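I have placed the structure first, in the form of structure tokens, so that the comments after it can refer back to it.
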Amino acid sequence: MKKLIYPILLGLIVLLAFFLRFYKVTQSPPSLNWDETSIAYNAYSILKTGKDEWGVKFPLNFKSYGEYKLPAQIYASISGIAIFGLNGLGVRITPVVYGTLTVLLLYFLANLLFKDKRVGLLSAFILAVSPWHIQLTRASFESGFSVFWVVLGAILFIKGFEKKKYWALSIIPFVISIYTYNAARVFTPLFIFMLFLIYRKELLKDLKVFLISFGIFVISVVPIGLSFFSGEASARFKLVSIMDDPGFVQRVNQARGKTDLPDPLPRLIHNKVTHFAYVFAGNYLSHFTPDFLFMNGAGHKQHHVQGIGELFWVQAPFILVGIYFLFKKKEKWRFFIIAWLLLTFIPVSITVDSIPNALRTILAVIPYSLLSAYGFWQIFDIFKGKKKGRFFNLSIILVSAGLFLYQFINFQNNLYNIYPKLYSRDWQYGYRQVVTYIKDHYDEYDLIVFSRTYGEPHMFTLFFMNWDPAKYQNDPNLVRYESNDWVWVLNFDKFYFPDLGDDGTKYKDIVDLNPGKKILFVGRSQDFSDSVERLYTVDFLNGNRAFDIVESK
655 MKKLIYPILL
665 GLIVLLAFFL
675 RFYKVTQSPP
685 SLNWDETSIA
695 YNAYSILKTG
705 KDEWGVKFPL
715 NFKSYGEYKL
725 PAQIYASISG
735 IAIFGLNGLG
745 VRITPVVYGT
755 LTVLLLYFLA
765 NLLFKDKRVG
775 LLSAFILAVS
785 PWHIQLTRAS
795 FESGFSVFWV
805 VLGAILFIKG
815 FEKKKYWALS
825 IIPFVISIYT
835 YNAARVFTPL
845 FIFMLFLIYR
855 KELLKDLKVF
865 LISFGIFVIS
875 VVPIGLSFFS
885 GEASARFKLV
895 SIMDDPGFVQ
905 RVNQARGKTD
915 LPDPLPRLIH
925 NKVTHFAYVF
935 AGNYLSHFTP
945 DFLFMNGAGH
955 KQHHVQGIGE
965 LFWVQAPFIL
975 VGIYFLFKKK
985 EKWRFFIIAW
995 LLLTFIPVSI
1005 TVDSIPNALR
1015 TILAVIPYSL
1025 LSAYGFWQIF
1035 DIFKGKKKGR
1045 FFNLSIILVS
1055 AGLFLYQFIN
1065 FQNNLYNIYP
1075 KLYSRDWQYG
1085 YRQVVTYIKD
1095 HYDEYDLIVF
1105 SRTYGEPHMF
1115 TLFFMNWDPA
1125 KYQNDPNLVR
1135 YESNDWVWVL
1145 NFDKFYFPDL
1155 GDDGTKYKDI
1165 VDLNPGKKIL
1175 FVGRSQDFSD
1185 SVERLYTVDF
1195 LNGNRAFDIV
1205 ESK
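Below, the structure written as structure tokens:
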């Protein structure tokens, strides 16, 4: 019976992980965002035509909105969409599955690192209930997929010290992670290089296996390297990097202008290199603050349930204890774990938006889970066998469980009841309802005008109308243009996507330019005068108005 305890507990943890990711998955987050619909529609397009929305056969980089999405998440989403259809469940079942499997993989990784099933079970449990990991595996975020592949690669790498063939095999999931998410394109090569530096003596003992592994890596990354030099793979980086921030040079010049130092000291002290280092250091250190880790988490509304930390604050002392004993006991894999943690925050630190960032640093949830579990059992073992040791250990368990339960209940209440209501606008809520109305009345109108005020209405239209990808790819009315490293769709079929209101195109102008046509308009309330009859309205979940639908008379 004792032999069955650990498998039973592991099974229960995996089931819990699946439940926490699957329950109400189409309701919280409250709607699909534009990246999810883009990932899903391109997967649907590949499924139906073998081409992406741009008509490119099985691309390595999906142009999408012009930022060139990496391929792994899109191709992985095909099976879920094939089974459940082009809908919310079809999109989000994929991250639910790989998020759950990552919990299982972490159990095996922890066992390999510490040779302790207790640490394995607790690590898996911590990841299963992690606010950080749950949020990013309930929606179709590519970052969560990168965690799955890096953990699998790490397992095979560790097993390589027992059977060297696993070193070559570990390169495969590591490389797949590079094709999954932009942050992993920086993290994974750095991590592999660091592992080589740390364990080079063991790795170089079998030169043949090392060369095979190196060869697999080089050959596998050549395609993405070529796309980088072509500009495709670097498109997203240009949008968010420190160096491409319009204010970067301006701030350097301002710093020089404010100093009274004689030449050439202002140029030596205030220049692109020193300013980059200053911004990088600030970005990097911001991810180790208590506010980010344990109190409020990331500020980006899609990436985190607001008002709680990325980790439960009950983990804090166990993480510190875990780090202490990792080095005090000179654990064999201490540098492996610490390198993983420290390298995670390098990719995000060279960017300028949404700092600190939960999405680009999700890989850190793995070492934090390992350290939390290891630290807990180290404290437990300190009192084990001592006088009153049972009392102290029982107290640790009860206090930790009580604090955890309080935080976990608060997180769950926030996730299902508070977060969707307060932040539905941030998730582009309302597009499904609007497009459903359009679908029901499509044949009644000559022109459908859909404001792009909230961003990318064409993709939501394609997605929620289950638009035939072949028809879209060959649409003679399809008009796209690029501006500021972004692609805008202006027309397809009888749809027109202007920026209605404010300084954009006016409702009356469109009516005047299309005499005799019956036109359906979708926009904000302020885009139309009060005298225009509302056919249908959609509110955000907090009660504020999202969309008004009207028609020309």
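Residue numbering for the sequence shown follows this note's numbering, starting at 655 and increasing by one per position. C-beta atoms are modelled at their ideal positions from N, C-alpha and C, and glycine is treated no differently. Remember, it's a predicted structure, so these values are computed and weren't measured experimentally.
- Here V745 is buried: its Cβ has 16 or more other Cβ atoms, across all protein chains shown, within 10 Å.
- According to the DSSP assignment, E1205 belongs to the beta strand (DSSP E) that extends over R1199 to E1205.
- Nearest neighbour of L1057 by Cα position, chosen from W967, K711, K1162 and K1075, turns out to be W967.
- Three or more beta-carbon pairs drawn from the segment 821-838 and the segment 796-812 are found closer than 8 Å, and the two stretches are therefore classed as touching.
- H787 sits close to V1019, with the two beta carbons spaced by under 7 Å.
- A distance below 7 Å separates the beta carbons of I825 and I870.
- By the Cβ rule, the segment 686-704 counts as touching the segment 722-735, because three or more pairs are nearer than 8 Å.
- Linking G951 to S1179 through their CA atoms gives a straight-line distance of about 34 Å.
- The residue among Y1161, R1106, Y1126 and D914 with its C-alpha nearest the C-alpha of W1142 is R1106.
- If one requires a minimum length of 4 residues, the alpha helix (DSSP H) runs lying completely within the segment 942-1014 are 970-982, 988-998 and 1000-1003, in chain order.
- Per DSSP, reduced to three states, the secondary structure at R1134 is strand.
- In the assembly as shown, T943 is an exposed residue. Its beta-carbon has fewer than 16 other beta-carbons within 10 Å.
- Residues of the same chain with a CB within less than 7 Å of the CB of Y1091, apart from the 5 flanking positions on each side, are Y1190 and I1203 in chain order.
- Of the candidates E796, Y1070 and I728, the residue whose Cα lies closest to the Cα of L674 is Y1070.
- Secondary structure of W1142 (DSSP, three-state): strand.
- If you look at G1109, you'll find it isn't in any alpha helix (DSSP H); DSSP assigns it neither H nor E.
- DSSP places Y660 within a helical segment (H, G or I) once states are collapsed to three.
- Following the DSSP letters along the chain, one finds I1102 inside the beta strand (DSSP E) bounded by residues L1101 to F1104.
- As the crow flies, the alpha-carbon of L996 is around 19 Å from that of L760.
- Listed in chain order, the non-local C-beta contacts of N937 below 6 Å within the same chain comprise S1003 and I1009, local neighbours out to five positions each way being set aside.
- Following the DSSP letters along the chain, one finds F850 inside the alpha helix (DSSP H) bounded by residues N836 to I852.
- Counting along the chain, the unbroken alpha helix (DSSP H) around D689 starts and ends at W688 to T703.
- Following the DSSP letters along the chain, one finds I1173 inside the beta strand (DSSP E) bounded by residues I1173 to G1177.
- In terms of Cα proximity to L1017, the closest of P725, W1081, F799 and P683 is F799.
- Taking a cut-off of 8 Å on C-beta distances, the segment 959-973 does not touch the segment 1036-1045, as fewer than three cross pairs fall below it.
- Where D1094 is concerned, the enclosing alpha helix (DSSP H) starts and stops at Y1085 to H1095.
- With distances taken between CA atoms, G953 lies nearest to D1080 out of Y698, D1080 and D706.
- If the five residues before and after L701 are omitted, its C-beta is found closer than 7 Å to the C-beta atoms of I732, I735 and A736, all from its own chain and listed in chain order.
- The count of Cβ pairs closer than 8 Å, one atom from the segment 747-754 and one from the segment 808-817, stays below three, leaving the stretches out of contact.
- V1192 carries a strand assignment under DSSP once its states are collapsed to helix, strand and coil.
- The C-beta of S1185 has fewer than 16 other C-beta atoms within 10 Å across all chains shown, which makes the residue exposed.
- Contact holds between the segment 839-856 and the segment 985-996, because three or more Cβ pairs, one in each stretch, are under 8 Å apart.
- Sequence-distant partners of Y1085 (beyond 5 residues in either direction) whose C-beta falls short of 6 Å from its own C-beta, in its chain, are F1114.
- Secondary structure of Y1150 (DSSP, three-state): strand.
- For K912, the secondary structure class from DSSP, reduced to helix, strand or coil, is helix.
- With respect to I780, A1027 sits close: the two C-beta atoms are nearer than 7 Å.
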